[in-house]
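In the working numbering, the protein residues as written are -17 to 583.
Even for Gly, the Cβ is constructed at its ideal location relative to N, Cα and C.
Here the structure is a predicted model, which is why all the values come from computation and not from measurement.
These notes concern the structure reproduced below.
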RNA sequence: GGGGCCGUAGCUCAAUUGGUUAGAGCAUCGGACUGUCGAUCCGAAGGUUGAGGGUUCGAGCCCCUUCGGCCUCGCCA
């Protein structure tokens, strides 16, 4: 029997047609004489009916069917009787009365019920991923992921980009994340590294005259995973020649707008607005601000430095800041919420404390005042200034961290997001895009007494700051840009250095010696000397993009076969030990840890 | 490397201060049933409480070790 239709397609217009369907038994309801099966394929569910008066043999076979068995059936589409429609199914107006049933395969009882798998332990879902992926929600995520890559390929093709593959087996460099290493059989003792990104190859493709490159490419970073991070992930990687930062942002924001339009029907207003890194850090404490709600951070240092609250004054004297934000309606939080839950929360990010004021009606009537165990350290005038800086209203909650500005930001930014969500300031289906620009080129690494690249060492300074390479490297702005939506960085890139002299100066500041630079990037620096065009690009995290589009905060949900937080694949049991002969061939010996040796007889 | 939460039947969860034979719903198996759609009804089976050790007259519960999962800090140019 050849399939003629998909289960989820059938509608009233197909009534009286003879159809053949294939799929899995989603559920069965056996009434002794009448048997109902909800048949499932990728397209959806449909009810098929077995009636002994219609076909005795099929009915007998149908009674033995079980969940997840695979069948094909041929029958006639008919409308359901009056009052028998099922509004829960897209196909609920009709059903198929089956003439012929073929059992294509049986199935063991699944380890979990597919209908309720959302509540099932993820460990079991990952071990039986093929069953987990049968679920509609998971199939939708795979489908959206496919749609995103399809839209991306179509879009870049229209724009004159070529998709070019770059090597998976590359050269290890000690910068950046830890590499995954692959031993070479032919060069014993030598290793390839899996790419952390195709950065240098795509720049070399610009030197090669390809002009417009993109690639949907797997990248590997051997660092500890997070809910939104996996050692193996996918980038939409882009590079363009003869462009400035504006050109790259324009081309790429149009791609993202098209993806959101086609998949969610969401109109992304173009051009996407821009915000400097300095403003983002100042007002949101983070370089990826969530703009779905206001609740901006304010610096109160100037107002509180003259208070009698020693904690604040001493921090300001030491060059720190008192920064905070005002949570509208936050008065409903209890003292224990603030002094325990929230304080522990910010402590995780290095803050030593969390100060707070509740905003209440002033005693004696008229106006507002601050209510808190520390309110007494602030004069009425100081209190009023604080209230007016936040434009605070009754029942608001003001939360503050006093520390070095980096620490204060680091603690306040996640607290702001957490409260924004808890207080219901985030509207479902709201997407706020922003380009964050004018990043610093370097940040000072006090431990190693040198500069580190904020983006990567090939990022170009903005032209007017070029001279500061010699005079004031700490204040150079880079031509880097991150695309941020709802507090999540979905992509980032830069205009690159195409001048070998500038590149050499940057390496100097990073304390990468000429010798080291030659060893690690010699092939690339050499390429720059052979007519490198001005170029720039960007890379988007495909996984995070699909997470946004499908409304999950778990990266494993958008990867067909993901790994656990310890980097294990529970389906295949990778990684695993290998045969001694394989090691032999690679000239490798595994050194066991002492505790393992002790356990052996 | 650090911190937190979790692990009891196939799945989701209960189990009083440490106290009888570790329960329930769903799933499974058997039976009944002609319009169900999370079918219903009757019945049955199902457990090394992640593993190992300890304390105790007695441990799912307390202690130690260990394995695994998730979240997180560090890390992720």
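Looking only at its own chain, which residues have a Cβ that is under 8 Å from the Cβ of residue i, when we skip the five neighbours before and after it?
| i | result |
| --- | --- |
| residue 531 | 126, 130, 241, 242, 245, 246 |
| residue 154 | 161, 163, 173, 174, 175 |
| residue 213 | 162, 202, 203, 204, 205, 207, 545, 549 |
| residue 250 | 235, 238, 239, 242, 243, 413, 415 |
| residue 209 | 535, 536, 537 |
| residue 132 | none |
| residue 281 | 264, 303, 304, 305 |
Within a Cβ cutoff of 7 Å, which residues of the same chain sit near residue i, ignoring the five residues on either side of it in sequence?
| i | result |
| --- | --- |
| residue 312 | 378, 379, 401, 405 |
| residue 540 | 123, 127, 525, 528, 529, 532, 534 |
| residue 102 | 94 |
| residue -14 | 1, 2 |
| residue 408 | 274, 275, 402 |
| residue 426 | 433, 456 |
| residue -2 | 58, 59 |
| residue 294 | 286, 304, 384 |
| residue 572 | 565 |
For residue i, name the three-state secondary structure that DSSP assigns.
| i | result |
| --- | --- |
| residue 2 | strand |
| residue -16 | coil |
| residue 152 | strand |
| residue 67 | coil |
| residue 582 | Model confidence at residue 582 stands at a pLDDT of 39, short of 50, so the residue's coordinates are unreliable; what they give is reported in the following sentence. DSSP places residue 582 in coil when its eight states are reduced to three. |
| residue 201 | strand |
| residue 552 | coil |
| residue 435 | strand |
| residue 101 | helix |
| residue -8 | coil |
| residue 479 | coil |
| residue 398 | helix |
| residue 327 | helix |
| residue 140 | helix |
| residue 391 | helix |
Taking the beta carbon of residue i as the centre, do at least 16 other beta carbons fall within 10 Å, making it buried, or is it exposed?
| i | result |
| --- | --- |
| residue 538 | buried |
| residue 299 | exposed |
| residue 315 | buried |
| residue 13 | exposed |
| residue 338 | buried |
| residue 564 | exposed |
| residue 477 | buried |
| residue 224 | exposed |
| residue 107 | buried |
| residue 267 | buried |
| residue 355 | exposed |
| residue 460 | buried |
| residue 8 | buried |
| residue 558 | exposed |
| residue 302 | buried |
| residue 505 | exposed |
| residue 452 | exposed |
| residue 42 | exposed |
Measure the alpha-carbon distance for residue i versus residue j and round it to whole angstroms.
| i | j | result |
| --- | --- | --- |
| residue 228 | residue 521 | 15 Å |
| residue 118 | residue 542 | 13 Å |
| residue 499 | residue 423 | 19 Å |
| residue 179 | residue 159 | 11 Å |
| residue 45 | residue 77 | 18 Å |
| residue 166 | residue 568 | 7 Å |
| residue 387 | residue 331 | 13 Å |
| residue 48 | residue 66 | 24 Å |
| residue 562 | residue 428 | 45 Å |
| residue 578 | residue 570 | Caution applies to residue 578, whose pLDDT of 46 falls short of 50 and renders its modelled position unreliable; the model cannot decide the point. |
| residue 74 | residue 29 | 8 Å |
| residue 92 | residue 198 | 35 Å |
| residue 189 | residue 147 | 16 Å |
| residue 397 | residue 512 | 50 Å |
Kindly list the residues whose CB is nearer than 6 Å to the CB of residue i, restricted to its own chain and excluding five residues on each side of it in sequence; keep chain order.
| i | result |
| --- | --- |
| residue 71 | 27 |
| residue 186 | 509 |
| residue 257 | 416, 418 |
| residue 393 | 328, 331, 333, 383 |
Does at least one heavy atom of the ligand ATP sit under 7 Å from the Cβ of residue i?
| i | result |
| --- | --- |
| residue 433 | Questions concerning the ligand ATP fall outside what the structure shown contains, since it holds no ligand whatsoever. |
So, does the segment 43 to 53 touch the segment 77 to 95, judging by three or more C-beta pairs under 8 Å? yes
Taking three-plus beta-carbon pairs below 8 Å as touching, is the segment 361 to 376 in contact with the segment 409 to 421? no
Sufficient close CB pairs (3 or more, under 8 Å) joining the segment 74 to 82 to the segment 27 to 41: yes
Pairs of beta-carbons, one from the segment 54 to 72 and one from the segment -3 to 16, closer than 8 Å: are there three or more? yes
Answer yes if the segment 462 to 477 comes into contact with the segment 505 to 524, meaning at least three C-beta pairs across the two stretches below 8 Å, and no otherwise. yes
Stretch-stretch touch, CB-based, cutoff 8 Å, three pairs: the segment 428 to 447 with the segment 481 to 499: yes
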